[in-house]
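Enquirer: Below you'll find the structure I mean.
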Amino acid sequence: MNDTAQALVQNLPPLIGFGMALGFAGIAGWVFTTWLRVRNGYPLESSWGKPIYPMKNEETIERIRLLSQENAQLRAELGSIKDRLGNVERIVTDGSLRLTNEIESLRGPSN
2 MNDTAQALVQ
12 NLPPLIGFGM
22 ALGFAGIAGW
32 VFTTWLRVRN
42 GYPLESSWGK
52 PIYPMKNEET
62 IERIRLLSQE
72 NAQLRAELGS
82 IKDRLGNVER
92 IVTDGSLRLT
102 NEIESLRGPS
112 N
């Protein structure tokens with residue numbers, strides 16, 4: 002055997018180990034990115050790069066409907082709280098004389 006072939010045979014185990022480690026790292030990276038996609042709600046992709054969405058069943062549709070209703074209720078409540086907070090801010094930041102005048106005007110003329 003010549004020196005080149007002998008050097009190749011001598012370094013074959015580390016080369017195979019490096020190749021296996023590189024393959025394992027690629028597979029681990031693919032599994033990790035797939036896990037991140039699933040965790041964050043992104044659609045998975047087929048081998049052709051087209052998105053794969055999960056099948057919708059009656060339970061999923063009902064759950065989405067209930068969550069949408071709850072979302073609408075919470076938004077309405079948040080709007081009400083914003084209005085109330087605006088009134089509280091106005092009362093706190095207005096001068097006490099103006100507030101006194103408004104209260105007196107609401108009581109009506111004294112007899």
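If you count by the numbering used here, then the sequence shown holds residues 2 to 112, one letter each, in order. Note that the Cβ used here is the ideal one computed from N, Cα and C, for glycine as well.
1. By the DSSP assignment, the alpha helix (DSSP H) with G80 in it spans what residues?
2. Looking only at its own chain, which residues have a Cβ that is under 8 Å from the Cβ of N72, when we skip the five neighbours before and after it?
3. Could you pull the DSSP bridge partners for I28 from this structure?
4. What number of angstroms, rounded off, separates the C-alpha of L86 from the C-alpha of T35?
5. Terminal residues of the continuous alpha helix (DSSP H) containing N41?
6. State yes or no: is the C-beta of P15 nearer than 6 Å to some heavy atom of the ligand NAD?
7. By DSSP's criteria, P52 is part of a beta bridge. Which residues make up the other side?
8. Considering N102, what are the terminal residues of the alpha helix (DSSP H) in which it resides?
Expert: According to the data block:
1. 59-94
2. none
3. Partner(s): none; I28 has no beta bridge.
4. 44 Å
5. Careful: N41 lies outside any alpha helix (DSSP H) and carries neither H nor E.
6. Absence of the ligand NAD is noted for the structure shown, with no ligands found whatsoever.
7. E46
8. 97-108
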